[in-house]
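A.B. asks:
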Amino acid sequence: MRIPYWNISYGILIDTVALVAVIVFVFGLHGHWKRIRLGKVRIRSANVDHPGKIGPVFVYSLLKNGILGAKLYKKIFTGIAHGFLFWGMLVLALGTSLVVLNLLFGLPVFEGIFNRWFMSFFLDLAGLLALFGLLFFLVRRWFPPERLITPRERTGFGVQIGLLAAVIVTGFLVEAIRIASTGPDPFSFVGNFMAGWLPADALSVHRIFWWSHGLLCMAFIAYIPYSPMMHMVLVPTNTALADPRPGSKMGVIDFSSFDNDDDEEGAAEEMPTLGCSSLADFTRKRLLDFAACLWCGRCHEVCPAAITKKPLSPKGVMVTLAERLAAGEVEDATLIDDITEDAIFACTTCTACLEACPACINQPKTILKFRQNLVMEQSRIPELMAKAINSLEQRAHPFFGTGSGPKDWCKDLEVPLFATGETEYLLWIGCSVTYEERAQKIARAMVRILESAGVSYGILEESRCTGDPAKQMGNEFMFTELAQTNIDEFNELGVKKIITLCPHCYNSFDRHYPLLGGNYEVIPHSVFINRLISNDKLVLKNSLERICYHDPCYLGRRNLFFDEPREVIRKVGQLVEMPRSGAESFCCGGGGGNYWAEEVGDRINQVRSKEALDTGADRIATACPFCLLMLTDGAKKFTEEQKTFDIAELVAERLT
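The sequence shown begins at 3 in the numbering used here and counts up one residue at a time.
1) If you compare alpha carbons, which of Leu-370, Gly-90, Ala-282 is closest to Asn-477?
2) Closer than 6 Å by C-beta to Asn-508: which residues in its own chain qualify, once you throw out the five before and the five after it? Chain order, please.
3) Is the beta carbon of Leu-577 closer than 9 Å to that of Arg-621?
4) Give the C-beta separation of Cys-298 and Leu-150 to the nearest angstrom, bearing in mind that I take them to be a contact with Cβ-Cβ under 8 Å.
5) Given a threshold of 16 other Cβ atoms within 10 Å of its Cβ, counted over all protein chains shown, does Ser-465 qualify as buried or as exposed?
6) Return helix, strand or coil for Cys-507, following the three-state DSSP convention.
7) Could you check where the alpha helix (DSSP H) with Glu-613 kicks off and where it finishes?
8) Look at Met-196 and Leu-218 and say whether their C-beta atoms are less than 9 Å apart.
9) Is Leu-314 near Asp-344, with beta carbons less than 9 Å apart?
10) Figure out for me which residue from Thr-368, Leu-290, Arg-656 has the closest Cα to the Cα of Ser-454.
11) Considering only residues of the same chain and omitting the five flanking positions on each side of Arg-143, which have a CB-CB separation below 8 Å?
12) With respect to the alpha helix (DSSP H) encompassing Trp-411, which residues constitute its N-terminal and C-terminal limits?
13) Say whether the stretch 401 to 412 touches the stretch 423 to 438, bearing in mind that this needs 3 or more beta-carbon pairs closer than 8 Å, one atom from each stretch.
14) Determine the contact status of Ala-623 and Thr-646, defining contact as a CB-CB distance below 9 Å.
15) With a CB to CB cut of under 6 Å and the five nearest residues on each side skipped, what residues in its chain are close to Lys-389?
16) Can you tell me which of the three DSSP states Glu-439 falls into?
17) Can you tell me whether DSSP reads Leu-657 as helix, strand or coil?
18) Let's test the definition: count the other Cβ atoms within 10 Å of the Cβ of Gln-365 and tell me whether it reaches 16, buried, or not, exposed.
19) Provide the residue span of the beta strand (DSSP E) that contains Lys-499, from first to last.
20) Under 8 Å Cβ to Cβ from Gly-496, same chain only, skipping five residues before and after it: list those, please.
21) Could you tell me whether the stretch 305 to 312 touches the stretch 380 to 394, using the rule of 3 or more Cβ pairs below 8 Å?
22) Glu-271 by DSSP, collapsed to three states: which one?
23) By how many angstroms is the C-alpha of Ser-279 removed from the C-alpha of His-208?
24) Out of Trp-598, Ile-461, Tyr-225, Ala-614, state which residue places its alpha-carbon closest to the alpha-carbon of Phe-347.
25) Going by DSSP in three states, Glu-642 sits in which element: helix, strand or coil?
26) So Leu-92 is in the alpha helix (DSSP H); what residue range does that whole segment cover?
27) Is it buried or exposed for Ala-329, if we count other Cβ within 10 angstroms and need 16 for buried?
28) Just to confirm before moving on: does the CB-CB distance between Leu-289 and Arg-37 stay below 9 Å?
29) If the criterion is Cβ atoms closer than 9 Å, does the pair Gly-460 and Lys-539 meet it?
30) Comparing alpha-carbon positions, which option in Arg-446, Asp-291, Gly-603, Gly-432 lies nearest Arg-39?
31) Count the other CB atoms, across all protein chains shown, that sit within 10 Å of the CB of Ile-500; report buried if there are 16 or more and exposed otherwise.
32) Using DSSP's beta-bridge definition, name the partner residues of Pro-526.
33) From Ala-204 to Cys-362, what distance separates their C-alpha atoms?
34) Under the DSSP definition of a beta bridge, which residues are partnered with Gln-576?
35) Between Gly-135, Ile-649, Leu-633, which has its C-alpha nearest Glu-643's C-alpha?
36) Start and end of the alpha helix (DSSP H) containing Thr-172?
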């Protein structure tokens, strides 16, 4: 049986050192909390933007992404190495805790099977795996991938890696010298192997290594809050409090809270800031986002703006915010100028960064908060986006300069109007389908499909925008005005169910309109078509045509409709996948108002079109009018043939 504190006098002193280490740790932890609590408890919004309540979703997110680190394994070698290190150190910490319980309460951990298998074999295995993990991260620090050093690399990990390695190695040496002196212990296979190389009488050396091991452990614990290793606390907390729904739900601003009565005696209340210009304008949850950033660069690696050499790096944004927060510069309003206006408006709001982030940081929401401040507080917006906003204000759609009228898409069709109490579904046409000639074919195809299936549907007398472009460009005023107009009309007509042709419209109706009193059952057209096919409402001719599917960001990543469009394609042809598909799909470049933007660097739509054409597919299919327009334009660089179609077009042409 092993003897605790073997060969050690006054070993209980290490407990005093441990107490000091814990005090230093807690003091550092409190420093983080002091900075995070400088944020707002909640924003002036109908959306609840605050840390989540403890419940099943909280626990699930904490376990999945915080403890198990599910997103880490998207990079398999990094994930395995992190797993070795995390679980190895966790098991070693558990072993140390059991030793303390043995000393305090006589817990029989050094007896029988438990001693042989857990306290000996599994603790040695845990230490060995942790060393393998450390070796991986050490090599990666010497030969870092570009994402780790772009735009800059985080310092401080080297000290912690060295401390951890020293803790594990000294622990094995302490065990090995004990075994060399007291006799073989085959279950402690690492220590047993090392003992064969050590003298049996190195008792003084054992004491040196024992104290070194203990003090190094305490130094590591005390240093955690002051080093990048604080992510062990911040990341699980942030993942547990993250929005359980995918994508980036912005909420809506309650503008009634901005009323300011100057007639009251005394000075008027200071008007609240629209959007965010300094760290103090963000909520505590957003500040936790910044503090939890790992600087790993996974967001930068998948960002379409960064990939195509635009001024935006989501990692750069988060790093800037994290550094400002660590320095306590929460009131500094020069934040936007440091990040730059060009970078803020380059975001396509595709949420690829959010999908990739192992800490579940919501980069798009942060960027959109800066946009709101630029647009609504400072009237700073790129020229083409400003024209789109002006068109929304004057014409209720953003397509300035269009040659199409509101009824051109259906001028030779007999399309029923929505009738209160008679029509089941409102077919929402939307602005892009109404005013862009190429996209009009989506609506025409959908009308043919609905007629063929005998669906009770109708359209509005006058089509307008949902307000989504205004929202994504940062003009919440305009979004609220358009949304309220639509909601009033829907409620007056008694609309209950809506079929959308555009995922951006779907996202607005499903996520944002309920916050303004508009609650409807909303169905994307690709999902509705799949439902009709599954219910034998449509009879289609299949073909051997190879069809490559592009996942729209607002349909896939934001709302998890991955399978339904693919099931439709399998009914009309042979599905072909691009290397980047599903949740890892690459943006078309048109989101976030960038449909109305002058691009710098490479064109995102051309990058995506080439990826689709390189599959050798006969056609490219999508389920979003903006994607259709962007990819149609992007493909022109590589082929004169019309290759890009909406799912509705493919289904309509194969109706029997």
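Glycine included, each C-beta is placed from N, C-alpha and C at the ideal position. What you are looking at is a predicted structure, and each value in this text was computed from that prediction instead of being measured.
C.D. replies: For this structure:
1) Sequence index remark: in the sequence shown, residue 477 carries index 475 (1-based). Nearest of Leu-370, Gly-90, Ala-282 to Asn-477, Cα basis: Leu-370.
2) If you number the sequence shown from 1, residue 508 lands on position 506. The displayed chain sequence assigns Tyr, not Asn, to residue 508. Correct list, in chain order: Thr-502, Val-524, Pro-526.
3) Against the sequence shown, residue 621 aligns to sequence position 619. Against the sequence shown, residue 577 aligns to sequence position 575. Judged by beta-carbon spacing, Leu-577 lies beyond the 9 Å limit of Arg-621, meaning their Cβ atoms are not closer than that value.
4) In the sequence shown, counting from the first residue as 1, residue 298 sits at position 296. In the sequence shown, counting from the first residue as 1, residue 150 sits at position 148. 7 Å between Cβ atoms; contact.
5) Taking the sequence shown and counting its residues from 1, one reaches residue 465 at position 463. Classification of Ser-465: buried, given that the 10 Å Cβ count is 16 or more.
6) As a first step, residue 507 is located in the sequence shown; it is residue number 505 there, counting from the start. It is helical.
7) As a position in the sequence shown, residue 613 is number 611, starting the count at 1. Residue range 606 to 615 is occupied by the alpha helix (DSSP H) that includes Glu-613.
8) The sequence position of residue 196 within the sequence shown is 194, counting from 1. The sequence position of residue 218 within the sequence shown is 216, counting from 1. It is not a contact, given that the beta carbons lie outside the stated cut-off.
9) In the sequence shown, counting from the first residue as 1, residue 314 sits at position 312. In the sequence shown, counting from the first residue as 1, residue 344 sits at position 342. Yes.
10) Here residue 454 refers to the residue found at position 452 when the sequence shown is read from its first residue. Minimum Cα distance to Ser-454 is reached at Arg-656.
11) By 1-based counting over the sequence shown, the position of residue 143 is 141. Within the same chain, Arg-143 has close Cβ partners Phe-159, Gly-160, Ile-163.
12) Looking up residue 411 in the sequence shown gives position 409. Bounds of any alpha helix (DSSP H) do not take in Trp-411, whose DSSP letter is neither H nor E.
13) yes
14) The residue you call residue 623 lines up with position 621 of the sequence shown. The residue you call residue 646 lines up with position 644 of the sequence shown. In this structure, Ala-623 places its C-beta atom within 9 Å of the C-beta atom of Thr-646.
15) As a first step, residue 389 is located in the sequence shown; it is residue number 387 there, counting from the start. Same-chain partners within the cutoff: Phe-402.
16) Taking the first residue of the sequence shown as position 1, residue 439 is located at position 437. Residue state, collapsed to three classes: helix.
17) The sequence position of residue 657 within the sequence shown is 655, counting from 1. Looking at Leu-657 - three-state DSSP - the assignment turns out to be strand.
18) Residue 365 sits at position 363 when you count from the first residue of the sequence shown. So Gln-365 counts as buried.
19) Sequence index remark: in the sequence shown, residue 499 carries index 497 (1-based). Where Lys-499 is concerned, the enclosing beta strand (DSSP E) stretches over 499 to 502.
20) In the sequence shown, residue 496 corresponds to position 494, counting from 1. Around Gly-496: Thr-422, Gly-423.
21) no
22) Your numbering for residue 271 matches position 269 in the sequence shown. Per-residue confidence for Glu-271 stands at a pLDDT of 49, beneath the threshold of 50, marking its modelled position as unreliable; the derived number appears in the next sentence. Three-state DSSP puts Glu-271 in coil, outside helix and strand.
23) Locating residue 208 in the sequence shown gives position 206, counting from the first residue. Locating residue 279 in the sequence shown gives position 277, counting from the first residue. Using only the alpha carbons, I get a separation of about 57 Å.
24) Translated into positions along the sequence shown, residue 347 becomes position 345. The residue with the shortest Cα to Cα distance from Phe-347 is Trp-598.
25) Along the sequence shown, one-based indexing puts residue 642 at 640. Correct three-state label for Glu-642: coil.
26) Locating residue 92 in the sequence shown gives position 90, counting from the first residue. Element bounds for Leu-92: 78 to 107.
27) As a first step, residue 329 is located in the sequence shown; it is residue number 327 there, counting from the start. When all chains shown are included, Ala-329 counts as exposed.
28) For the purposes of this step, residue 289 is identified with residue 287 of the sequence shown, where counting begins at 1. For the purposes of this step, residue 37 is identified with residue 35 of the sequence shown, where counting begins at 1. The answer is yes: Cβ separation under 9 Å.
29) Taking the first residue of the sequence shown as position 1, residue 460 is located at position 458. Taking the first residue of the sequence shown as position 1, residue 539 is located at position 537. Not a contact, by the Cβ cut-off of 9 Å.
30) Your numbering for residue 39 matches position 37 in the sequence shown. Checking every option, the nearest Cα to that of Arg-39 belongs to Asp-291.
31) Within the sequence shown, the letter at position 498 stands for residue 500. Answer is buried; the Cβ neighbour count reaches 16.
32) The sequence position of residue 526 within the sequence shown is 524, counting from 1. For Pro-526, which the question treats as bridged, DSSP gives the partners Thr-502.
33) Position 202 of the sequence shown, counted from the start, is the residue given in the question as residue 204. Position 360 of the sequence shown, counted from the start, is the residue given in the question as residue 362. Distance between the alpha carbons of Ala-204 and Cys-362: 50 Å.
34) Here the question's residue 576 lines up with position 574 in the sequence shown. Partner(s): Arg-548.
35) To locate residue 643, count along the sequence shown from 1; it is residue 641. Closest option to Glu-643, Cα to Cα, is Leu-633.
36) Position 170 of the sequence shown, counted from the start, is the residue given in the question as residue 172. That run of the alpha helix (DSSP H) goes 159 to 184.
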